[in-house]
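Comments concern the structure below.
2 protein chains.
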Amino acid sequence: MRTEAAWPLDDRGVAYGDGLFETILLRGGRPLLWDEHLARLARGCHRLGIPMPEEHDLAVPLAEAGNGLEVLKLTLTRGSGGRGYRPPFSCAPRLRWQLAAFVPAETRWQQGVRVRHCRLRLGLQPVLAGLKHLNRLENVLARAEWDDEDIAEGLLCDSDGRLVEATAMNLFWRRAGRLETPRLDRCGVAGALRAALMERMEIHEVDIHPDEFEAAEAVWLGNSVQGVWPVVRLDDGAGIERRRWLLSPLHRTFQAEAHRLLDYPAP
Amino acid sequence: MRTEAAWPLDDRGVAYGDGLFETILLRGGRPLLWDEHLARLARGCHRLGIPMPEEHDLAVPLAEAGNGLEVLKLTLTRGSGGRGYRPPFSCAPRLRWQLAAFVPAETRWQQGVRVRHCRLRLGLQPVLAGLKHLNRLENVLARAEWDDEDIAEGLLCDSDGRLVEATAMNLFWRRAGRLETPRLDRCGVAGALRAALMERMEIHEVDIHPDEFEAAEAVWLGNSVQGVWPVVRLDDGAGIERRRWLLSPLHRTFQAEAHRLLDYPAP
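If you read the sequences in order, they're chains H and X. Here the first sequence is numbered in the UniProt record's numbering, starting from 1 and rising by one per residue. Here the second sequence is numbered in the UniProt record's numbering, starting from 1 and rising by one per residue.
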């Protein structure tokens with residue numbers, strides 16, 4: 001892993017999680033879904049009142065990338081300063097990056113994954129909804145709910161019981177012939193792959209509870225690094241099986257569309 | 001300001017706000033409400049699954065303190081490692097500290113303060129409620145709602161409209177002769193001063209909406225660094241006055257009790 005300098009002790013990123021990040025797939029130094037990542041970062045900057053970095057500063061690590069598949073993590077904080085929680089009047093944002101080799105989980109593309117419901121419920125916070133900000137304790141605690149390697153992801157509901165996302169992936173399904181995904185205007189992270197897919201296909205944003213969701217004909221998880229995993233089994237929070245789905249050509253069509261955007265093969 | 005080393009780039013404190021902090025008043029190197037701070041830190045460690053540091057490690061910075069009044073900020077993170085959000089199986093927590101000279105706002109003790117309602121509402125998250133964790137974007141955004149120096153604090157409601165706290169202080173009031181404070185089991189930070197006062201006085205934890213709260217006979221804000229400020233005026237989120245309170249001996253009694261715990265004078 002190649003990295004830049006560390007974070008100063010008084011950086012607001014550590015102190016308050018006062019910042020944003022993006023995790024970007026690189027292929028020979030070429031970022032995939034770069035526009036979608038930049039658009040989300042810009043939205044986050046606007047919402048938090050942090051100046052958006054210049055695109056050429058964001059692109060600096062691309063020149064450091066190797067030939068293979070890598071993941072670039074960009075972290076942007078409000079920098080140092082301010083009095084307590086109060087943001088400094090004029091802030092000097094701090095941008096850091098990390099680059100690491102990456103191998104996608106091809107078996108999960110092909111065979112699909114088993115997931116479970118998490119017990120933790122996401123708090124409602126419309127002001128932060130959709131952003132990839134640095135306040136991610138909910139995701140950490142949800143991901144800590146299981147350590148069975150056979151379970152690939154955990155599904156999260158909000159405090160009103162609506163399905164939102166998985167701990168690190170967005171959720172998509174087909175129901176009555178329609179592609180759907182949860183609305184993310186109260187909590188959750190609006191993924192770059194989700195944004196790109198919604199630009200290109202008719203995917204309906206809906207409010208849905210876990211019971212209704214089980215009527216889905218096919219379910220997928222996806223993000224801009226891992227691509228798309230079909231969901232073949234869903235357990236409840238206690239590990240008891242709730243539903244199985246058989247892999248079908250339906251799964252492959254959606255996967256192929258998503259994987260085209262990431263230059264991944266159609267499984 | 002004297003500090004230790006910086007945060008490594010891959011520390012989970014920056015990445016996810018995966019950690020806790022305590023802000024402690026020191027008088028000639030002697031920490032005030034040390035037991036209450038340690039108790040809250042231990043509760044946070046337990047809730048997040050981070051090993052609690054040894055007390056002698058936590059006390060290291062005390063030896064570095066000067067003669068006067070200082071604030072010690074202790075920050076504890078889960079350290080580095082793990083796969084994405086997933087916490088590492090055995091974590092090596094990282095403890096850092098900052099020490100800074102401090103002068104309390106004596107005028108606010110004496111004359112009281114003007115506060116306002118914040119528009120931002122705190123999301124409900126019982127798992128994190130009460131803890132002083134590093135996910136503090138809500139506080140940052142709430143504090144960014146005003147920049148009028150005459151307004152000392154902003155009051156926060158949760159997403160169900162119940163009063164919770166101020167951005168960096170706990171809220172107390174007297175109503176029908178009873179001392180009350182909001183319940184903090186769904187969100188908010190349970191202050192060390194609040195804990196110490198509740199040990200020593202009869203303070204009732206209640207669910208309350210802003211309208212009912214305006215019936216209070218006296219209102220205070222307090223924390224373990226600033227002591228206690230009487231609230232003399234409350235504005236709404238648009239800056240329009242909602243209520244005034246006259247300073248009375250009632251205010252002084254509660255302040256005196258709190259200030260005794262911090263070795264501050266009774267105003």
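Even glycine gets a Cβ: it sits at the ideal position worked out from N, Cα and C. This structure is a prediction, so every number in the text was calculated from the model and none was measured.
Here's a check: name, in chain order, each residue in its chain whose Cβ is nearer than 7 Å to the Cβ of Arg-242 of chain H, leaving out the five neighbours to either side. Here residue 242 of chain H corresponds to residue number 242 of the first sequence, with the count starting at 1. So the list reads Glu-214, Leu-234, Asp-235 and Asp-236, once near-sequence residues are dropped.
Note down, in chain order, all residues in the segment 115-128 of chain H with a beta-carbon under 7 Å from any beta-carbon belonging to chain X. Here the close residues are Leu-120, Gly-123, Leu-124, Gln-125, Val-127 and Leu-128.
Pull up the distance between the alpha-carbon of Ile-203 of chain H and that of Gly-161 of chain H, whole angstroms please. The residue you call residue 203 of chain H lines up with position 203 of the first sequence. The residue you call residue 161 of chain H lines up with position 161 of the first sequence. Rounded to whole angstroms, Ile-203 of chain H to Gly-161 of chain H spans 22 Å at the Cα level.
Relative to the C-alpha of Asp-148 of chain H, which residue among H:Arg-116, H:Asn-223 and H:Asn-139 is closest? If you number the first sequence from 1, residue 148 of chain H lands on position 148. Of H:Arg-116, H:Asn-223 and H:Asn-139, the residue nearest in Cα terms is H:Arg-116.
Can you find a CB in chain H that lies within less than 8 Å of the CB of Ser-248 of chain X? Within the second sequence, the letter at position 248 stands for residue 248 of chain X. Judged by the 8 Å Cβ criterion, Ser-248 of chain X is not in contact with chain H.
Given that a residue counts as buried once 16 or more other Cβ atoms are within 10 Å of its Cβ, and exposed if not, what is Ser-224 of chain H? Your numbering for residue 224 of chain H matches position 224 in the first sequence. The residue in question, Ser-224 of chain H, is buried, as its Cβ has 16 or more Cβ neighbours within 10 Å.
Beta-carbon spacing of Gly-84 of chain H, Ala-192 of chain X below 8 Å: Within the first sequence, the letter at position 84 stands for residue 84 of chain H. Within the second sequence, the letter at position 192 stands for residue 192 of chain X. The Cβ atoms of Gly-84 of chain H and Ala-192 of chain X do not sit closer than 8 Å to each other.
State the CB to CB distance for the pair Ala-218 of chain H and Trp-245 of chain H, rounded to an integer number of angstroms; the pair is presumed to be in contact (CB under 8 Å). Residue 218 of chain H sits at position 218 when you count from the first residue of the first sequence. Residue 245 of chain H sits at position 245 when you count from the first residue of the first sequence. With 8 Å as the limit, Ala-218 of chain H and Trp-245 of chain H qualify as a contact, their Cβ atoms being about 6 Å apart.
Can you look up Trp-245 of chain X in the DSSP assignment and give me helix, strand or coil? Indexing the second sequence from 1 puts residue 245 of chain X at position 245. Three-state result, Trp-245 of chain X: coil.
Would you kindly work out how many angstroms separate the C-alpha atoms of His-209 of chain X and Pro-31 of chain H, rounded to a whole number? Against the second sequence, residue 209 of chain X aligns to sequence position 209. Against the first sequence, residue 31 of chain H aligns to sequence position 31. About 49 Å.
Run down chain X in chain order and give the residues with a C-beta less than 7 Å from the C-beta of Pro-31 of chain H. As a first step, residue 31 of chain H is located in the first sequence; it is residue number 31 there, counting from the start. Within 7 Å Cβ-Cβ: nothing; Pro-31 of chain H doesn't reach chain X, min ~19 Å.
By the 10 Å Cβ neighbour count, where 16 or more other Cβ atoms means buried, how is Asn-67 of chain H classified, buried or exposed? Locating residue 67 of chain H in the first sequence gives position 67, where the first residue counts as 1. That one is exposed.
Any 3 or more C-beta pairs closer than 8 Å across the segment 64-81 of chain X and the segment 93-101 of chain X: Counting C-beta pairs with one atom in each stretch, the segment 64-81 of chain X and the segment 93-101 of chain X have three or more that are closer than 8 Å, which means they touch.
Along chain H, which residues have their Cβ under 9 Å away from the Cβ of Val-189 of chain X? Taking the second sequence and counting its residues from 1, one reaches residue 189 of chain X at position 189. Within chain H, not a single residue places a beta-carbon under 9 Å from that of Val-189 of chain X; the smallest gap is close to 11 Å.
Whole-angstrom distance between Pro-93 of chain X and Pro-51 of chain X, CA atom to CA atom: Locating residue 51 of chain X in the second sequence gives position 51, counting from the first residue. Locating residue 93 of chain X in the second sequence gives position 93, counting from the first residue. Rounded to the nearest angstrom, the gap between the Cα atoms of Pro-51 of chain X and Pro-93 of chain X is 7 Å.
Could you pull the start and end residues of the beta strand (DSSP E) that Asn-223 of chain X belongs to? Translated into the one-based positions of the second sequence, residue 223 of chain X becomes position 223. Taken as a continuous stretch (DSSP letters only), the beta strand (DSSP E) holding Asn-223 of chain X covers 218-223.
Quick check on Tyr-16 of chain H - is its C-beta less than 8 Å from some C-beta in chain X? Your numbering for residue 16 of chain H matches position 16 in the first sequence. For Tyr-16 of chain H, the answer is yes, since a Cβ of chain X falls inside 8 Å of its Cβ.
Which of the three DSSP states is assigned to Cys-45 of chain X in this structure? As a first step, residue 45 of chain X must be located in the second sequence, where it is residue number 45. In the three-state reduction of the DSSP assignment, Cys-45 of chain X falls in the helix class, which pools H, G and I.
Could you tell me if Ser-159 of chain H is buried or exposed, where buried requires 16 or more neighbouring beta carbons within 10 angstroms of its beta carbon? On the first sequence, residue 159 of chain H is found 159 positions in, with the first residue counted as 1. By the neighbour-count criterion, in which 16 or more other beta carbons inside 10 Å mark a residue as buried, Ser-159 of chain H falls on the buried side.
Using the Cα positions of Leu-184 of chain X and Val-60 of chain H, report the straight-line distance between them to the nearest angstrom. Here residue 184 of chain X refers to the residue found at position 184 when the second sequence is read from its first residue. Here residue 60 of chain H refers to the residue found at position 60 when the first sequence is read from its first residue. Separation of Leu-184 of chain X and Val-60 of chain H (C-alpha to C-alpha, rounded to the nearest whole angstrom) is 45 Å.
Drop a sphere of 10 angstroms on the beta-carbon of Asp-207 of chain H, count the other beta-carbons inside from all chains shown, and report buried for 16 or more, exposed for fewer. Position 207 of the first sequence holds residue 207 of chain H. Label assigned to Asp-207 of chain H: exposed.
Tell me whether Trp-34 of chain X sits in a helix, a strand or coil according to DSSP, three-state version. Position 34 of the second sequence, counted from the start, is the residue given in the question as residue 34 of chain X. DSSP places Trp-34 of chain X in helix when its eight states are reduced to three.
Reference Leu-179 of chain X; option with closest CA among X:Leu-261, X:Arg-200 and X:Ala-190: By one-based count along the second sequence, residue 179 of chain X stands at place 179. The candidate whose alpha carbon is nearest that of Leu-179 of chain X is X:Arg-200.
Three or more beta-carbon pairs under 8 Å between the segment 22-39 of chain X and the segment 248-258 of chain H, yes or no? With a cut-off of 8 Å, the segment 248-258 of chain H and the segment 22-39 of chain X do not count as touching, because too few Cβ pairs lie within range.
Could you pull the start and end residues of the beta strand (DSSP E) that Asn-139 of chain H belongs to? If you number the first sequence from 1, residue 139 of chain H lands on position 139. Element bounds for Asn-139 of chain H: not the beta strand (DSSP E) but the alpha helix (DSSP H), 137-143.
Quick one: using the 10 Å Cβ neighbour count with 16 as the cut-off for buried, is His-251 of chain H buried or exposed? Along the first sequence, one-based indexing puts residue 251 of chain H at 251. When all chains shown are included, His-251 of chain H counts as buried.
Please check if any C-beta of chain H sits within less than 8 Å of the C-beta of Ser-90 of chain X. The residue labelled residue 90 of chain X in the question sits at position 90 within the second sequence. For Ser-90 of chain X, the closest Cβ of chain H is not nearer than 8 Å.
Are the segment 10-29 of chain H and the segment 67-81 of chain H in contact at 8 Å, needing three or more beta carbon pairs? Under the 8 Å Cβ criterion, the segment 10-29 of chain H counts as touching the segment 67-81 of chain H, having at least three qualifying pairs.
With a threshold of 8 Å on Cβ separation, who are the neighbours of Met-1 of chain X within its own chain once the five nearest residues in sequence on each side are excluded? Along the second sequence, read from residue 1 onward, the residue named residue 1 of chain X stands at position 1. Residue confidence for Met-1 of chain X is low, a pLDDT of 40 falling below 50, so the modelled location carries little weight; the figure read from the coordinates is stated next. When the five nearest sequence neighbours on each side are left out, the beta carbons in the same chain lying within less than 8 Å of the beta carbon of Met-1 of chain X are those of Gln-98, Leu-99 and Ala-100, in order along the chain.
Would you kindly work out how many angstroms separate the C-alpha atoms of His-56 of chain H and Arg-86 of chain H, rounded to a whole number? For this step, residue 56 of chain H is matched to residue 56 along the first sequence. For this step, residue 86 of chain H is matched to residue 86 along the first sequence. Their Cα atoms are separated by approximately 29 Å.
For the segment 82-155 of chain H, list the beta strand (DSSP E) runs that are entirely contained and at least 3 residues long, ordered along the chain. If we require 3 residues or more, the beta strand (DSSP E) runs fully inside the segment 82-155 of chain H come out as 94-101 and 113-122.
Report the partner residues of Val-14 of chain H according to the DSSP bridge assignment. For the purposes of this step, residue 14 of chain H is taken as the residue at position 14 of the first sequence. The partner list for Val-14 of chain H (beta bridge, DSSP) is empty, contrary to what the question assumes.
Leaving aside the five residues before and after Leu-163 of chain H along the sequence, list all residues of the same chain whose C-beta is less than 8 Å from its C-beta, in chain order. Taking the first residue of the first sequence as 1, we reach residue 163 of chain H at position 163. Contacts found: Leu-155, Leu-156, Cys-157, Leu-171, Pro-182, Ile-208, His-209, Pro-210 and Phe-213.
The alpha helix (DSSP H) with His-204 of chain H in it runs from where to where? Here residue 204 of chain H is taken as the residue at index 204 of the first sequence, counted from 1. Residue range 203-206 is occupied by the beta strand (DSSP E) that includes His-204 of chain H, with no alpha helix (DSSP H) assigned at that position.
8 Å is my cut-off, CB to CB: does Gln-226 of chain H come that close to chain X? For this step, residue 226 of chain H is matched to residue 226 along the first sequence. Chain X has no Cβ within less than 8 Å of the Cβ of Gln-226 of chain H.
Note down, in chain order, all residues in the segment 95-107 of chain H with a beta-carbon under 9 Å from any beta-carbon belonging to chain X. Shown in chain order are the members of the segment 95-107 of chain H whose Cβ falls below 9 Å from a Cβ of chain X: Arg-96, Trp-97 and Gln-98.
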